[in-house]
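To keep things clear, I will list the structure first and then write my remarks on it.
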Amino acid sequence: MLLVTALPMLRALWLSLFSYRLTLPAARQFVGLRNYAVVLADPLWWQDVRTTVLITAVTVSVELVAGMALALAMHWIPFARRTVRTSILVPYGIVSVVSAFAWRFAFSSETGFVNGWLGLGDFAWFGHRWSALAVLCASEIWKTTPFVALLLLAGLAQVPDELGEAARIDGATAWQRLWRVTLPAMRPAIVVAVLFRTLDAYRVFDGVFVMTSGAQRTESVSFLAYRQVIVRTAIGLGSAVSILLFLSVLLVAAAIVKVSRVDLAGVRGGR
Amino acid sequence: MSRRGGRLAWTAGALLVAAYALLPVAWIVSLSLKGGDDVYARRFLPAHWTLENYRAVFRTPLFTAALVNSVGISLVSTTISVALAALAAYAIARLEFRGRSWVLGTALAVAMFPVVSIVGPLFDLWRSVGLYDTWPGLVIPYLSFTLPLSIWVLTAHFRQLPWELEEAAAMDGATRWQSFFKVMVPLAAPGVATAAILTFLFAWNDFVFGISLTSTDRARNVPAALAFFTGASQFQHPAAPIAAAAVVVTVPVIALVMLFQRRIVSGLTSGAVKE
Amino acid sequence: MRRTSTASHGRRDEQASGGLAARWLVLVLLAAAALLASACRGTPEDPTALSWYVNPDNGGQARLAERCSAASGGRYRIRVHELPRDATGQREQLVRRLAARDASIDLVNVDPPFLPELAAAGFLRPFSPREARELAEGMLAAPLRSATWAGSLFAVPLWASTQLLWYRRSVARRAGLDLEAGPVTWAQLVDAAERTGTSVEVQGNRYEGYMVWITALVASAGGEVLLDPAAGDEARPGLDSPAGRAAAQVIRRLAGSPAANPALATADEEVARAAFQGSRGGFMVNWPYVYGAEQEAVAAGALPPAVLDDVGWARYPRVRAELPSRPPLGGIGLAVAAFSRRTALAVEAARCLSSGESQTAYMLDARIPVSRRAVYDDPRIRDRYPMADLIRASIDEAEPRPRTPYYVDVSAATVRTFHPPASVDPDRTPADAARLVVAVLHDRVLL
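Protein chains in written order, with the numbering used here: chain A, 13 to 283; chain B, -10 to 264; chain C, 10 to 456.
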């Protein structure tokens, strides 16, 4: 399994050291680290990194809060459980490109109803950076909050009720019980959710591809890699972008694990 | 808070949540019922309801074959992935072996590599091995990308379970296999269900591998097939047929979710079960 | 697995747990077996089968393939395979598989701007001079030019398309603009639209359609986007020139005018058509498919027939009053893949697919203009397309987009600098674009 993914990764690493175009195989030449220099010196790379970090920060933080609220709802709601839980999980089951199209059609000024409902006339949501990013983030949040909610719910279900009971007997309010008892007990689940969601959010692609094709400075780093590798068939340069993207993702992951100080391979429970 | 006030609050909250979750879905359904230029009418509901998009979708073997492929590949990936993840998570959570965190870390790192760049070399590899345009050709990458999350979720679960349960089972004469199957797995059912759903939906949603590692109806999955849908002309975007296909494709997912949602929250022996 | 200190007696219990474990194992093995079985499914080789990779089009090309297969008397059978709907997806699939020397591709539809790239890469088989003479007979000039590279014909043009100026007759009357009398310039159009409070619709989204517009403007102004495209990565851009500046001026004039679509920066062909059919519609440049689409919309009751009657057509607008306009060129060429094992049959099939009868049938069936001169004289065609002569003349005099193996880079660099249309500045933008094109050709920037 690891081998299957490791081999193409290594090949991509190897290719990033060449100036190579798929459609001109004869012109391939070894250029060492020059591709990396080109990427790191290019303002487009840094702009895309800033955009991607922005999208990641916004979506993950909103999803964490909303996901927690949904997880609590799924866990505690006293009636109509099945309907509520199913409807919460449905967004995650919609194929992501379709969801992106649906949001695009809803917000575009020629086909969409949003402008009508909000009385905005002819406003072109995708014609300006901030409104386009807002729609992009909203669609990502809508789609993947169930993922976070699910992970948090799994963690929530593991919290023993005695803790909550004990706190209540001690006179703690519901809010205090949440903050001081439940959340700390759920820490590993929260960290897993944040970790995986951040890594996925950093690699956002589908929404950018469908809604703006990267215009109006909404391009993400993944999309940049796609354009170099697939659209331009500049495999050498594109592989360099991918390797750099991979390294930044690794960096982010390491940072999160370090900061949370949770050893997930961990100590045995209970001892 | 009075009982009635509490119930009212929960009802309001539930309605809000349902509306938030289902509005875009309703929009997709509405799109699927619009015909021709009605898509440009800028209204939520269609002017004339029509089922022509659904008929069009089922007429082509492109879609029905893709549906079969998607369902089959997703189910197979889920089964194998959860099985392997459970074993691996058990080993990591319960057994001592060196390089434990390394295994987790490497698996995670592998899943973080941008798919876009793997696709090219993987395409070449599959062509030379003969797995291009086949089910295993898609299942294997899916496994690589979903195992890390499944392993982590299940590890977290196994870790939480008290060690005493297993010690009790061992004292009753159970072997390691028995304690694994009869004690641990049932207790970690929420985790198993979660991992299963996440893996299934990853395989179900995948577009990049689907479009690059397949070329015919033999293995093409639904998101990739959507890229082949046509409008009335080269420039007209087939929004309505795609929406119809999406609705058809989401119904089994909803059914699946309805089946699983109970499992997810079914509780531990010691925990309260809010049923 | 290292053993820990738990007792492990009780062999009788191993049977029971073995049962459960065995069941699970069987399940997993079954799944794996299903996988392997599906992998080993092979298809027998059929020596008369030709694989034709087409862009999706609701079955028109499939029907054409059947006609020609039947007409061949059993010598070959064309099997149609579809590519993804968008041009990038099509190119991606083709490039990847041809780069891997896939022998299962015989005939392939090629978008003319990408032809030099594929030809220079050795992915396409050029037609021999004799074949070329035969296939080129009766074809319109511009499509033929765009199907040649390095002196050889690499594809036989199948369909060809161009953009026309579509206008609402009522609006033209109100503005005092008589389009039947003679050609108009962009400046006149924008003035007329401003006077009547209507719009001029174009494609300004950040995509290939915008490049189509820019190229047509530069060519209509007498210049070229690339001065010597055959020079490969040493090609010099022609954007930083009076023609480039004139083109930028047109874009600026429209983008800054109330006659522009507010969503100009994201407008594609369908957005333009929808706005043109709306209450503020005045003028539009677009491909001929809009006429058929409007007829269908009327038939479906989504468009009032009065709007369709109000629609007129004219030649693509001029940039300079004294220079004839060079409309954009689109279309599809049919090429033989270099690694095909049945090239003789493929060439024969190509001959049938591009013949007069085939093209006439296709134009009637799929409502897409074709590349053969004589087809436009057919009474059935003239009946369906009142603007047949205009289409033919426009295609004949159209300007192809820059023909270079680096087309994708040139197009992306140009579009990126010129986008959004509201930011175009005739003094800076053409020069910036020229600089970016050079940098991109030398692999010195990301795009």
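Where a beta carbon is used, it is the ideal one built from N, C-alpha and C, also for glycine.
Small disclaimer: the values here were computed from a predicted structure and weren't measured.
Nearest candidate by alpha-carbon position, reference D122(B), set R209(B), P241(B), A234(B), T219(B): R209(B)
Comparing C-alpha positions only, which one of L154(B), T135(B), G109(B) sits nearest to D212(A)? T135(B)
How about Q102(C): is its C-beta nearer than 9 Å to some C-beta of chain E? You won't find chain E in this structure, because its protein chains are A, B and C.
Pairwise C-alpha distance: A244(C) and S420(C): Note on geometry: alpha-carbon atoms of S420(C) and A244(C) lie some 14 Å from one another.
Contact defined as beta carbons within less than 8 Å: I believe E146(C) pairs with Q212(C). What is the distance between those atoms, to the nearest angstrom? Not confirmed; about 34 Å, so no contact.
Under 9 Å between C-beta atoms, does G282(A) make it to chain B? Model confidence at G282(A) stands at a pLDDT of 35, short of 50, so the residue's coordinates are unreliable and nothing is read from them.
Do we get a CB-CB distance below 9 Å when we pair P103(B) with the residues of chain A? Output row for P103(B): interface = yes.
Check the C-beta distance from S6(C) over to V328(C) and give it rounded, since I have them as a contact under 8 Å. This structure gives no information on residue 6(C), because the portion of chain C shown stretches from 10 to 456.
So, helix, strand or coil for I255(A), using DSSP? I255(A) falls in the helix class under three-state DSSP.
Does P20(A) get closer than 9 Å to chain C when you measure Cβ to Cβ? no
Buried or exposed for R215(C), going by 16 or more other Cβ atoms inside 10 Å? Buried, by the Cβ-count rule.
Can you list, in chain order, the residues of its chain whose CB lies under 8 Å from that of R94(C), leaving out five sequence neighbours each side? Cβ neighbours of R94(C) beyond the five flanking positions: N64, P65.
Does the beta carbon of F112(B) sit closer than 9 Å to a beta carbon anywhere in chain C? yes
Use the C-beta contact count for L167(C): other C-beta atoms within 10 angstroms, 16 or more gives buried, fewer gives exposed. buried
Nearest candidate by alpha-carbon position, reference D200(C), set V180(C), F348(C), P388(C), S137(C): V180(C)
Contact belief for P378(C) with P326(C) at Cβ below 8 Å, rounded distance in angstroms: The Cβ separation is near 20 Å, so there is no contact.
The beta strand (DSSP E) with P166(C) in it runs from where to where? 164 to 171
DSSP state of A3(B) mapped onto helix, strand, coil: helix
How do the region 201 to 209 of chain A and the region 107 to 125 of chain A stand: do at least 3 beta-carbon pairs fall below 8 Å, yes or no? no
Any C-beta of chain C under 9 Å from that of Q188(A): no
Would you say E122(A) reaches chain C, if we count a Cβ-Cβ gap shorter than 9 Å as a contact? E122(A) counts as touching chain C.
Best match in P414(C), A359(C), W195(C), S334(C) for proximity to S60(C) [C-alpha to C-alpha]: Of the residues P414(C), A359(C), W195(C), S334(C), the one whose Cα lies closest to the Cα of S60(C) is A359(C).
Here's a check: name, in chain order, each residue in its chain whose Cβ is nearer than 7 Å to the Cβ of R72(C), leaving out the five neighbours to either side. D374
Closer than 8 Å: R178(C) CB and nearest the ligand HEM heavy atom: Questions concerning the ligand HEM fall outside what the structure shown contains, since it holds no ligand whatsoever.
Is I255(A) close to chain B? Criterion is C-beta to C-beta, closer than 9 Å. yes
P430(C) and A136(A) - do their beta-carbons sit closer together than 9 Å? no
Who are the neighbours of I231(B) on chain C, taking C-beta pairs under 9 Å? Under the 9 Å cutoff, chain C gives no residues; its nearest Cβ is about 10 Å from I231(B).
For H146(B), is the classification buried or exposed, using 16 other Cβ atoms within 10 angstroms of its Cβ as the cut-off for buried? buried
From the DSSP output, in three-state form, read off R50(C) for me. Legend: pLDDT at R50(C) = 48, less than 50; position of this residue unreliable, value from coordinates given subsequently. DSSP places R50(C) in coil when its eight states are reduced to three.
With a threshold of 16 other CB atoms inside 10 Å of the CB of K270(A), please say whether the residue is buried or exposed. exposed
For T97(C), return the contacting residues in chain A, with the cut-off set at a CB-CB distance below 8 Å. What T97(C) touches in chain A: I242, V243.
Around the C-beta of E75(A), are 16 or more other C-beta atoms found within 10 angstroms, so that it is buried, or is it exposed? Of the residues assessed, E75(A) falls on the buried side of the cut-off, its CB having 16 or more other CB atoms within 10 angstroms.
The region 45 to 76 of chain B: which residues have C-beta closer than 7 Å to a C-beta of chain C, in chain order? V65, T68, I69, A72
What residue range does the alpha helix (DSSP H) around I69(B) cover? Unbroken alpha helix (DSSP H) run through I69(B): 50 to 83.
By the criterion of Cβ-Cβ separation under 7 Å, what are the contact partners of E143(C) in chain A? Under the 7 Å cutoff, chain A gives no residues; its nearest Cβ is about 29 Å from E143(C).
Where M148(C) falls: helix, strand or coil (DSSP): strand
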